[in-house]
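Heads up: the sequence shown runs through residues -19 to -1, 1 to 1013, numbered per mature numbering (1 follows the signal peptide of the UniProt record, and there is no 0).
Remarks on the structure that follows.
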Amino acid sequence: MKTKISLLLILFFSLGALAQKMEINGIVTSKNGGTPLPGVSVAVAGTSNGVSTDFDGKYALTVNKGEQLTFSYIGFKKITVTVNNENVIDISLEDDVESLNEIVVIGYGTQKRSDLTGAVSSIKSDDLLKQPAANATQSIQGKLSGVNIINTNAPGSDPVVMIRGLGTAASGTTPLYIVDGIQVSGISNINPSDIETMDVMKDAASAAIYGMDAANGVIFITTKKGKNGKAKVSLSSYYGATSTLNPVKMADASEYITYFNEVRTSLGSTDLLSSNQAYDTDWYDELTDVRLSNSNNVSISGANEHTNYFFSLNNYNEDGLLKDQNLTRNTLRSNNTFNLFENTVKLTQSFSAAISKGTPKPFNAFNEAYRQSPLVPAYYDNGAFGQSNWNTNTGVVGYQGNSRLNSIGNPLATVYYNNQKDETTDLQGSFDLEVKITGSLKANSRFGGTKSYYKSRSFNDIKSQYLTTNTGQDESDFNALKEANPTTTAYADNNLSFSRSESYRYNWDNYLTFDKIIGNHSINVVAGLTKGSKNNTFSTYQLAYDVPQKEQYWNINFASEDYEQTSQQSSSTPTNQLSYYGRLQYNFNEKYFLQANIRRDGISTFNNDNNTEYFGNFPSFSAGWVLTKESFLNDIENLNFLKMRVGWGKLGNSDVPFNISTYSTATGSSNVNYVFGANQDLVYGAALGASIYPISWEITKETNVGLDFQAYSSRLSGSFNYYNRNTENAILNVTPVYTSGEGTNYYDHGAEVLNKGFEIEFNWRDNITEDLSYNLGFVFSDNKNNVENVKSAYDGQTGGSLSNGQITKKLQEGQPIYAWWMYEADGVWQNQDEINNNAHYGTPSPGHLRYKDQNNDGVIDDNDKKFFGSYIPTYNFGFNVGLNYKDFDLAIDAFGAGGNKIYNGLKGTSIDGGENIAYDTFSNRWTGEGSTNVNPGADKDSYASSYYLEDGDYLRINNITIGYTLPVLMNQVSRIRVYATAKNPFMFTKYSGFTPEIVGSSGSAGASGAAGIELSAYPNTKTFLFGVNIDL
């Protein structure tokens, strides 16, 4: 009986359970427009039971009554519903506009992205860390429109950042960097893993709140803070190997001999090279090798209602391509926030320290490797460095000779004998006190600054270098020369020098913020003042001779007294700043937006008898209109958000060359001209630049029009900007006017520099299935640069001097700033009759380049030189692809630029001096009538011409990363991800030199100098690395 009752109960509950199982189905659509959504994840909460919608948005699933269904899809808000008695559950998903609510740093405050009226681009930590790099700016290349990053490859070197073109002829392109509200001179010593976001102000309407410092744009860096919850410990590490990318193929020994002898024969010389040579050196293979790098990082963070903290340590180590070239950097960061007195007072403290130690090596070694003959050995059998000793009687290059093949050094010796150690310590800190006065009004007082220490020690082994160069002599010969010339430093055994410097800058900001919402009206007002100082430097230099050879005794106190020592101290005039600023933001119903900024800046740079413009005013105005909140756009299907922006602003550039309105003074024991004072100190002072006219900051005015949009359920987002930017009083470094009385170049406001262009950004993200998602990104920037209203006295200034004195650039109204200006190569002279019957330059012979007679006057002179555009790219672009499948992730980033020309000065190497040449120069040379009408014969040309200009277009794959997140097997570990990355694995370009990324900066390498000219460069590199990320 009991058994029967038990069976009946089991049957009853089993039937009840079966009754709970039910088949449900439905359609998932977009709430905005009703479009079916394929690939939506439909899952029973807390279980593995789930499906994805088909192409028509339909799904079917067996569930239990009372269970919860979760519907999730990229670009839409997640929805969870409870299953009751219905068999059909149709769902409409609402667009997720989280990206519009993203908070953006705008200076003295933040703003929702949807409220922006200016051109601001941003990148987050996750995107930065997809491309591991020593410097965070390397990771944003190709990810932000309007921002051109020109990478350099040497350890510790800073990329060149150019935002919306080049607006100055004499100053640099460096933007204003602000880290956690503090102005800094650069970010090379900031650990990229510490960065939470980077926000870039590109237009004047946004950047005018920083006035005279913002002409080159503003980059905000917000470092990481803790997040609510339990303490989080993150560990990350990677190891990599670096080698050269696309090295230039050089002529080998046989090709070099052929080319060299052709040159010597054409010059009428009988001193030729024999084909019987002992060496065929590949100098780049000897000079460079696979080098290692690694980074190890640990961070601890957390937060509660009273405290927020973040602490990190990082060790970074990188070997350069050259032997013993190394950089080691250790960084520490501590960010803390304390909420006091029931959250009415907030104290934020930030501190970072970076200690970098390096052993730099001379880049000239790469130039020597390019030019040195392959007949010269790397080392002789006795271990000595090879030299270009040439026996003209036998034609053989060897250990002994009666002549020199060339005057070029052995690049291995150049690296070996450069014994330098540098150490830099950078400290940065700030305190921010925020007090809530009322519910709508708060006050902030923030003091922050940076302090940098630099020291360098260099040991120069004079005797060893002498014996290396003079292979026929030994130590006794050197000692005899030393004894005969007891005070001549050229015969000292060695010299030792020490350099030290320190600098600091600080800013003290005090400002009020009023923020109030009244109905549909939102008002935000900021008003404050800033006091600061920068360019405060003090340096010392000491040089002595004949110290002991062992490194442990390298001290100035151990130097010989037989030689005069040098001891100098110098300091520069500090630049003091005082600024008042204000900002008004207003929006109505988050539909109409207005913003106005004003900043009044004062700076001591121009406060002297010659320059009275101590203060300047920098205003801006901008407006925005969300068109999708208007009724006339309600019926446009798949358009989620559309906003129009317009703005105008005025900016300044106070970073004039070398602080030209101030003086630097120094005291020392040598190389000085005057004796002053009771102590008879040797004192010398000189203006670091000269100006015969009043100099003030450069002023830039800019208009910006833009659109922001989201479509297709916010899976597609993007922006468009058009800008017109005018630096109306650009400072030029010009040659003297004959009536000025000046004997050297000086500075003057001499022209307007115009930049105009447009920028496009597109992003798409989507789910294909529940396990498979992807994202695509594309940015494109176009910029046209030219100069206008050049003062008549300066129109036609030339620049871009080559090592042989040839000129390649000219400043002329209507052209890009210091555009290429030279003869147009018009083929190759094939025979003497052609030369005799046509206009020619100099005394050419067959095989020389011929130049076009532009004005057909029968004479080739400067009137026939032509403009050939600029070294500055007219466009750049980037694209990225991301793919996630279950626990696997893939990221690919690429960057490209073009529309410019690069002057390949290496092609112009003169082999009659014994230098090597590139293989292409050898294989494509003119060898006789009809052989080619493009390339000259052996050593047949040395004049600057369009023959040496090459397209600077290139496309580089910056990053390929594939990662896998391991299953978590321990409660103490929340995530383990391993990955492999290829950095810069491929570059596609027609440029025949080392790299089309030619750095252009201020000073002699600026627009009027060597920018865009490749005479020597650090080769492009590629790196393969493996890493792991662990979160506890």
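In this text, a Cβ means the ideal position worked out from N, Cα and C, and glycines have one as well.
Roughly how many angstroms separate the alpha carbons of residue i and residue j, rounded to a whole number?
i: Thr395; j: Gly628; result: 54 Å
i: Asn861; j: Thr942; result: 11 Å
i: Trp371; j: Leu356; result: 10 Å
i: Ile798; j: Val128; result: 19 Å
i: Ala998; j: Ala465; result: 41 Å
i: Thr431; j: Asp407; result: 7 Å
i: Ala878; j: Ala100; result: 21 Å
i: Gly(-4); j: Asp76; result: Because Gly(-4) sits at a pLDDT of 43, beneath the cut-off of 50, its placement in the model cannot be relied upon, and the following sentence gives the value as read from the coordinates. About 40 Å.
i: Ser773; j: Ile788; result: 20 Å
i: Thr28; j: Leu757; result: 31 Å
i: Glu349; j: Asn836; result: 41 Å
i: Gln409; j: Gly90; result: 21 Å
i: Ile8; j: Ala41; result: 9 Å
i: Leu620; j: Ala692; result: 4 Å
i: Ser695; j: Pro17; result: 15 Å
i: Asn172; j: Val279; result: 11 Å
i: Ala234; j: Asn345; result: 22 Å
i: Val608; j: Thr10; result: It should be pointed out that residue 608 corresponds to Leu in this sequence rather than to Val. About 24 Å.
Taking the beta carbon of residue i as the centre, do at least 16 other beta carbons fall within 10 Å, making it buried, or is it exposed?
i: Gly1008; result: buried
i: Gln953; result: exposed
i: Asn209; result: exposed
i: Ile994; result: buried
i: Ala471; result: exposed
i: Pro136; result: buried
i: Thr962; result: buried
i: Phe36; result: exposed
i: Gly990; result: buried
i: Phe849; result: buried
i: Asp838; result: exposed
Can the beta-carbon of residue i be found less than 9 Å from the beta-carbon of residue j?
i: Gly376; j: Gly859; result: no
i: Leu632; j: Gly192; result: yes
i: Thr329; j: Asn311; result: no
i: Asn916; j: Ser354; result: no
i: Asn197; j: Gly249; result: no
i: Ala872; j: Gly863; result: yes
i: Ser927; j: Ala806; result: yes
i: Leu493; j: Tyr561; result: no
i: Asn819; j: Ser851; result: no
i: Lys342; j: Leu308; result: no
i: Asp300; j: Arg272; result: yes
i: Thr913; j: Asn965; result: no
i: Pro977; j: Leu226; result: no
i: Ile202; j: Asp161; result: yes
i: Ala711; j: Ala151; result: yes
i: Gly895; j: Glu243; result: no
i: Tyr567; j: Asn634; result: no
i: Ser33; j: Thr51; result: no
In chain order, what residues of the same chain have a beta carbon less than 6 Å from the beta carbon of residue i, not counting five sequence neighbours either side?
i: Ser126; result: Glu740, Glu742, Val760, Ser762
i: Ile443; result: Ala473, Asn475
i: Ile579; result: Gly563, Pro600
i: Glu48; result: Val25, Val64
i: Asn289; result: Lys206, Gly207, Thr318
i: Thr946; result: Asp868, Arg958
i: Ser337; result: Arg310, Thr405
i: Ile749; result: Gly20
Within a Cβ cutoff of 8 Å, which residues of the same chain sit near residue i, ignoring the five residues on either side of it in sequence?
i: Ala232; result: Tyr240, Pro355, Asn897, Ile898, Ala899, Tyr900, Thr902, Phe903
i: Gly974; result: Val229, Ile883, Asn885, Leu887, Lys888, Glu931, Glu995, Ala998
Within 9 Å of any Cβ in chain B, is that where the Cβ of residue i sits?
i: Thr547; result: This model lacks chain B altogether; it includes just one protein chain.
Write down every uninterrupted run of the beta strand (DSSP E) in the segment 930 to 973 whose length is 3 residues or greater and which is fully enclosed by it, in chain order. 930 to 932, 935 to 946, 956 to 970
Minimum length 4: unbroken alpha helix (DSSP H) runs contained in the segment 349 to 403: Counting whole runs of 4 or more residues, the segment 349 to 403 contains the alpha helix (DSSP H) stretches 392 to 397.
Length at least 4, wholly inside the segment 411 to 495: the alpha helix (DSSP H) runs in chain order: 443 to 450, 456 to 465
Which complete beta strand (DSSP E) runs does the segment 778 to 829 hold, if anything under 3 residues is left out? 800 to 803, 806 to 809
Of all the beta strand (DSSP E) runs that stay within the bounds of the segment 237 to 323, which reach a length of 3 or more residues? 272 to 284, 288 to 300, 307 to 321
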